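Reviewing the structure listed below.
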Amino acid sequence: KENKLWGGRFEKSVTDCVEKFSESVSFDKVLYKQDIIGSRAHATMLAHQGLMSESDRDAILRGLDEIQTQIEDGHFVWRTDREDVHMNIEAALTDLIGEPAKKLHTARSRNDQVVTDLRLWCRDAIHKIKTCIQKLQVALVKLALQNEGLIVPGYTHLQRAQPVLLQHLLLAYIEQLERDAGRLIDCSARLNFCPLGACALAGTGLPIDRFMTAEALGFTSPMANSIDAVSDRDFVLELLSVNSIIAMHLSRIGEEWVLWASEEFGFLIPSDAVSTGSSIMPQKKNPDPMELVRGKSARVFGDLMTLLVLCKGLPQAYNRDLQEDKEPLFDSVKTVMGMLDVTAEFAENITFNRERILQALPAGHLDATTLADYLDIPFRTAHDIVGKSVALCLSKNCQLLNLTLAEFKDLNPVFEEDVYEFLGVEKCVNKFSSYGSTGSDCVAKQLFQWTSKLDIGSN
Ligand code: ARG
51 KENKLWGGRF
61 EKSVTDCVEK
71 FSESVSFDKV
81 LYKQDIIGSR
91 AHATMLAHQG
101 LMSESDRDAI
111 LRGLDEIQTQ
121 IEDGHFVWRT
131 DREDVHMNIE
141 AALTDLIGEP
151 AKKLHTARSR
161 NDQVVTDLRL
171 WCRDAIHKIK
181 TCIQKLQVAL
191 VKLALQNEGL
201 IVPGYTHLQR
211 AQPVLLQHLL
221 LAYIEQLERD
231 AGRLIDCSAR
241 LNFCPLGACA
251 LAGTGLPIDR
261 FMTAEALGFT
271 SPMANSIDAV
281 SDRDFVLELL
291 SVNSIIAMHL
301 SRIGEEWVLW
311 ASEEFGFLIP
321 SDAVSTGSSI
331 MPQKKNPDPM
341 ELVRGKSARV
351 FGDLMTLLVL
361 CKGLPQAYNR
371 DLQEDKEPLF
381 DSVKTVMGML
391 DVTAEFAENI
401 TFNRERILQA
411 LPAGHLDATT
421 LADYLDIPFR
431 TAHDIVGKSV
441 ALCLSKNCQL
451 LNLTLAEFKD
461 LNPVFEEDVY
471 EFLGVEKCVN
481 KFSSYGSTGS
491 DCVAKQLFQW
501 TSKLDIGSN
């Protein structure tokens, strides 16, 4: 058996069972790029500070290049007995260049190394998630552009409430996603401080320059407290929290679209390209991708819970438990990106069933609130009068616009001939005209802003 990098004080080698149980290389090898970038910055700084010769530094930098090539070509041999990505790379470097490699771990511990890698990885991941969010926003804006003027029932309590433009509903999703992107940006700014040089927990007496490595790695500055630097995974928690909010938003879209694709609603038709069939019922066409978007949100929430519970009992500073931070992080990021991508693809492959939606619109007295607004009397009184008008419609099985002026006047003399300007979903929807409302002028303005912001051409 090879001697461990930490093996100096040990007389016996670790059992196979413990070795297998403790290794993390099987999943943390995805951090290889960040680990190599970090080592490059560290070696460059050590040489600059006179803690390593320039020739040793050059040998290390060349060796790291070679290792990166081997990894990317698939020739690198990852070894479980070398525990994790950090020791795999360091030991391979020693195999490759000999003595100089042994100087790389000067003024460094795996504790500051792993958390530096992880911050760099999260920074990249955030960038990728943001790109996926934008792709979905573009798909939603395009869907909105294809459906100008289409009015759909708006719901509260899943009961018919008021008419809204479909575009308005789609823009609501886009606004929610925009706040998610904003949360990612906040998270990225807060995590962008460099733990490297905190070493095991107490810092170091060697004359390193933490500002130099921080800058080389694109961090805002070094973290101020070495114990904090190696202890906390709040940045991972924050990213998993943001991911959970994204997943929750997508799950709601999933729920809505699954519902709308049902026979009962029939508002939405997914193309075959995003539907799947049943192994027993030949007639079935199911909106599985959006059901899975709804379902996968559970994993993303679970990943967040895993990390919260993982961290809550840990005394400062580094504890090996923290190795368990990686799989939930990787899973959450991969899952959320998949959810965003598939939702975008679904949006690109659905059509709205105008006929069914038109048939549905008369039911539910969607124009009742507008009618109450029309009455130029205290709102509570108007509410009561319109309530009585709706009751009359219910008894006659008709809509508000089918009541005659005489019937209206019978209910209350304040009704005039112009009441019909406020009835029926088409007239009614445009009465919602104040800022942020669903009227077509407001919606057109918002849509214009989004098409410019997302740089979407009219084609
Ligand atoms: N694989 C470890 C992790 O992921 C690296 C740090 C190990 N540090 C240690 N002192 N054992 O957290």
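Every letter in the sequence shown is one number past the one before it in full-length UniProt numbering, and letter 65, counting from 1, is 115. Every residue, glycine too, gets a C-beta built ideally from N, C-alpha and C. No experiment lies behind these values; they were computed from the predicted model shown.
Checklist entry - When DSSP labels each residue in this structure, what does residue 206 get in the three-state scheme? => result strand
Determine whether the beta carbon atoms of residue 194 and residue 170 lie at a separation below 7 Å. no
Note to self: Less than 7 Å between the beta carbons of residue 283 and residue 361, yes or no?
What the structure shows: yes
Q. Any heavy atom of the ligand ARG closer than 6 Å to the CB of residue 134?
A. yes
What residues in its chain sit with their C-beta under 6 Å from that of residue 86, if we drop five residues either side in the sequence? 114, 118
- Query: Quick one: what's got a C-beta closer than 7 Å to residue 496's C-beta in the same chain, skipping five residues either side?
  - Reply: 221
Margin query: By the three-class DSSP mapping on this structure, what secondary structure does residue 118 have?
Written below: helix
(Q) Classify residue 285: buried if its beta carbon has 16 or more other beta carbons within 10 angstroms, exposed otherwise. (A) buried
Do residue 260 and residue 305 count as a contact pair if the criterion is CB distance below 7 Å? no
Roughly how many angstroms separate the alpha carbons of residue 91 and residue 126, rounded to a whole number? 22 Å
Euclidean distance between Cα positions of residue 469 and residue 449
14 Å
Subject >> Local conformation of residue 339 per DSSP, three classes >> reply: helix
_Only counting the same chain, and skipping five residues up and downstream in sequence, which positions put a Cβ closer than 6 Å to that of residue 266?_
91
CB of residue 170 to nearest heavy atom of the ligand ARG: below 6 Å?
no
query: Going by the C-beta, is residue 164 closer than 6 Å to any heavy atom of the ligand ARG?
result: yes
query: Looking at residue 160 and the ligand ARG, is the gap between the Cβ and the nearest heavy atom below 6 Å?
result: yes
List the endpoints of the continuous beta strand (DSSP E) containing residue 147. It is not in any beta strand (DSSP E) - residue 147 instead sits in the alpha helix (DSSP H) that spans 135 to 147.
Open item on the list: Given 6 Å as the limit, tell me if residue 281 has its C-beta closer than that to any heavy atom belonging to the ligand ARG.
Closed with: no
- request: Kindly indicate which three-state DSSP category residue 454 falls into: helix, strand or coil?
  value: coil
Beta carbon of residue 248, beta carbon of residue 279: below 7 Å? yes
**Close-in-space but distant-in-sequence residues of the same chain around residue 264 (CB under 6 Å, 5 per side omitted)** = 244, 271, 272
Does the distance between the C-beta of residue 74 and the nearest non-hydrogen atom of the ligand ADP fall short of 6 Å? Within the structure as shown, the ligand ADP is missing, the only ligands being the ligand ARG.
With residue 136 and residue 160 assumed to form a contact (beta carbons below 8 Å), what rounded beta-carbon distance in angstroms separates them?
5 Å
**Message:** Is any non-hydrogen atom of the ligand ARG found closer than 6 Å to the C-beta of residue 81, if you look at the structure I gave you?
**Reply:** no
What residue does the alpha helix (DSSP H) around residue 330 start on, and which one ends it?
Per DSSP, residue 330 belongs to no alpha helix (DSSP H) and is neither H nor E.
key: DSSP state of residue 539 mapped onto helix, strand, coil   = Past the edges of the chain, shown from 51 to 509, lies residue 539, and the structure says nothing about it.
query = Among the residues of its own chain, which have a CB less than 6 Å from the CB of residue 300, if the five just before and after it don't count?
reply = 343, 389, 393
Checklist entry - Hey, residue 30 and residue 106: beta-carbon distance below 7 Å or not? => result Since the displayed the chain opens at 51 and closes at 509, residue 30 lies outside it and no answer follows.
| task | Count the other C-beta atoms from every protein chain shown that fall within 10 angstroms of the C-beta of residue 346, then say buried if there are 16 or more, exposed otherwise. | result | buried
Quick one: what does DSSP say residue 62 is sitting in, helix, strand or coil?
coil
Discussion item. Could you check whether residue 337 and residue 311 sit closer than 7 Å to each other, using their CB atoms as the reference points?
Written reply: yes
With DSSP collapsed to three states, give me the class of residue 183. helix
Check your understanding: If we count the other Cβ atoms within 10 Å of its Cβ and call it buried at 16 or more, is residue 73 buried or exposed?
Key -> buried
ask   = Cβ-heavy atom distance between residue 373 and the ligand ARG below 6 Å?
value = yes
To the nearest angstrom, how far is the alpha carbon of residue 488 from that of residue 203? 12 Å
Original post:
So, is residue 481 buried or exposed, given that buried needs 16 or more other C-beta atoms within 10 angstroms?
Top reply: buried
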